[in-house]
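Numbering (our numbering), first residue to last: 1420 to 1752.
Now the structure itself:
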């Protein structure tokens, strides 16, 4: 079918957005680009992508044909580069399809990024920001945007993928529940004391990207630590959370699993009023000879630069209340 936009113009200026948006883009063959120079093709493709991600007359069924036509008009590396640059209103194309909730466009465009490489650092930061402001944990997981431990080490142990789910409990109160299922927890935890591996998890909840890290310092004396903080670009948030660690159910006929360990993650007993991306809080727990976890005194160790009541002119609103739940296997090696 024909399109209303002209792509053979001698001008390097992209077609007017109002002109493009006047009617929905329909399926088009890449042959319309054949007589254009590379720069003109680049301009026309970017204009088409811009309309797909921002245009008011979005037609899901036309996305795949139009994206394929754009991809066929340019060398694969050039098209992939376009998608990874902040060239549409200061953001990448994938940022806008996440913000505007256009999943058809997200998956149609995303597959062309990995032809030659992965996300660029600029593109990845943009996608993380989009997931954060939309609180979209599902897309965050599907695009593998969360930074985590060394995957090769987990595979070496034959450990299955960890499971992480975020549930909204009370949206007006900004309360959410995060459930972690961590396999071979003790083996992987001990490895943090003797290697560079990290048992760290990132997730999106309440308009922020959070990180949670387990590690065992050396020498550890049976004490392992858990740290919690906010990733870069996240807004300050008051922390009022409980980490609940439950041992995995034992086989029938064996002793009952130990009572769950509860660790309060809060700034209530400190002089600090909120978490910021440059602040983390650390708490400790010990492991008895029988493998049952026991509570240890809280070890608040904030970073050097902090947001506190004396230096902050405005008190951040009470934004987040979290209940953290971790389901782990028996604490035996």
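Note that beta-carbon positions come from the ideal geometry of N, C-alpha and C, so glycine has one too.
Exposure label - residue i; buried when at least 16 CB within 10 Å
i, result
"residue 1651", "exposed"
"residue 1480", "exposed"
"residue 1588", "exposed"
"residue 1488", "buried"
"residue 1574", "exposed"
"residue 1582", "exposed"
"residue 1540", "exposed"
"residue 1607", "buried"
"residue 1580", "exposed"
Own chain residues within Cβ distance below 6 angstroms of residue i, not counting five before or after
i, result
"residue 1495", "1534"
"residue 1483", "1527"
"residue 1646", "1632, 1699 and 1701"
Collapsed DSSP secondary structure at residue i in the structure displayed
i, result
"residue 1643", "strand"
"residue 1573", "helix"
"residue 1514", "helix"
"residue 1530", "coil"
"residue 1693", "coil"
"residue 1813", "Past the edges of the chain, shown from 1420 to 1752, lies residue 1813, and the structure says nothing about it."
"residue 1622", "strand"
Close beta carbons around residue i, own chain, < 7 angstroms, minus the five adjacent residues each side
i, result
"residue 1512", "1468, 1472, 1502 and 1528"
Span separating the alpha-carbon of residue i from that of residue j
i, j, result
"residue 1662", "residue 1510", "36 angstroms"
"residue 1361", "residue 1456", "Lying outside 1420 to 1752, the shown extent of the chain, residue 1361 is not represented and no answer is given."
"residue 1727", "residue 1461", "Reliability fails at residue 1727, whose pLDDT of 31 lies under 50, so the model's placement of it is uncertain and the value that follows must be treated cautiously. Distance between the alpha carbons of residue 1727 and residue 1461: 49 angstroms."
"residue 1576", "residue 1601", "13 angstroms"
"residue 1532", "residue 1499", "5 angstroms"
"residue 1562", "residue 1637", "34 angstroms"
"residue 1546", "residue 1558", "9 angstroms"
"residue 1584", "residue 1560", "10 angstroms"
"residue 1687", "residue 1696", "18 angstroms"
"residue 1530", "residue 1521", "15 angstroms"
"residue 1679", "residue 1605", "16 angstroms"
"residue 1691", "residue 1683", "16 angstroms"
"residue 1543", "residue 1459", "27 angstroms"
Sequence-distant residues of its chain with Cβ nearer than 8 angstroms to residue i (five each side left out)
i, result
"residue 1611", "1617, 1618, 1633, 1634 and 1635"
"residue 1724", "Since pLDDT at residue 1724 reaches only 27, below the 50 mark, its modelled position is unreliable, and the value read off the structure follows with that caveat. Only 1697 and 1698 meet the Cβ criterion."
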